[in-house]
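Peer 1: Our numbering numbers the first residue of the sequence shown as 186 and each following residue consecutively.
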Amino acid sequence: MINFRRSVKKITRIIGFTPLEIGRRRRPTDTFGTLSLTGFTLIELMLVVVIIGALAAMVLPRLTGRSEQARIAAVKTDIQANIATALKLYELDNGNFPSTSEGLAALLSKSSSAINWNGPYLEKRPIDAWGREYKYKSPGEHRTDYDLYSLGKDGAEGTDDITNWE
């Protein structure tokens with residue numbers, strides 16, 4: 186049998202007040218029995234707000250530039266690895282790269298000039314990180330085999346392009 190009074194005494198000793206006093210607790214007192222006022226002053230709260238604002242001002246600019254760097258890295262990977270591999274496989278099968286007029290669409294469906302087409306070499310039409318198609322020229326102006334590039338963030342040629350020749 187559980188002794189209720191003994192249980193209440195143990196609980197009171199552990200938590201410092203009886204369960205019946207929960208709703209009518211008094212303000213805490215210090216060791217001398219005087220009422221202690223706890224809480225934060227307006228100055229302390231303002232200081233915390235200023236510190237949080239300063240930290241946010243330092244961190245946010247660094248985070249906003251990261252997404253643009255990630256987009257550029259994804260486009261470079263597409264140009265240097267994914268699309269380049271598909272173009273190389275096309276060349277191995279057909280003896281040459283797709284012409285400029287055929288473009289990257291030749292990697293998705295058989296063109297009239299493809300002799301031993303074993304594609305599709307890509308699953309879908311390649312789109313850069315800004316939602317535009319990659320530019321392709323064969324033979325290239327900067328490389329002998331082909332030029333492959335993205336117009337970059339601004340969408341204008343010759344400004345912030347991401348290319349396979351640099």
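Just so you know, even glycine gets a beta-carbon here, dropped at the ideal spot from N, CA and C.
(1) Pick out whichever of W350, L336 and E351 has its Cα sitting closest to the Cα of T344.
(2) Report buried or exposed for L240, applying the criterion of at least 16 other Cβ atoms within 10 angstroms of its Cβ.
(3) To the nearest angstrom, report how far apart N267 and T249 are at their CA atoms.
(4) Given a cut-off of 8 Å, decide if Y319 and L274 are closer than it, judged by their beta-carbon atoms.
(5) Note down, one range per segment and in chain order, each beta strand (DSSP E) of at least 3 residues found wholly within the stretch 239-323.
(6) Looking at the structure shown, is L232 part of a helix, part of a strand, or coil, going by DSSP?
(7) Considering only the beta carbon of each residue, do K322 and T270 sit closer than 8 Å?
(8) To the nearest angstrom, how far is it from the Cα of E229 to the Cα of D263?
(9) Classify L333 as helix, strand or coil using the three-state DSSP reduction.
(10) Closest by CA to T329, which one among W302, N349, I236 and A259?
(11) Going by DSSP in three states, T348 sits in which element: helix, strand or coil?
(12) Nearest CA to the CA of A299: which residue from G238, R190, E287 and K261?
(13) Going by C-alpha to C-alpha distance, which of L289, P246, G316 and L293 sits closest to G129?
(14) Can the beta-carbon of V235 be found less than 8 Å from the beta-carbon of I347?
Peer 2: Concretely, from the data shown:
(1) L336
(2) exposed
(3) 27 Å
(4) no
(5) 320-322
(6) helix
(7) no
(8) 52 Å
(9) strand
(10) N349
(11) strand
(12) E287
(13) No statement about residue 129 is possible, as the shown extent of the chain runs from 186 to 351 and does not include it.
(14) no
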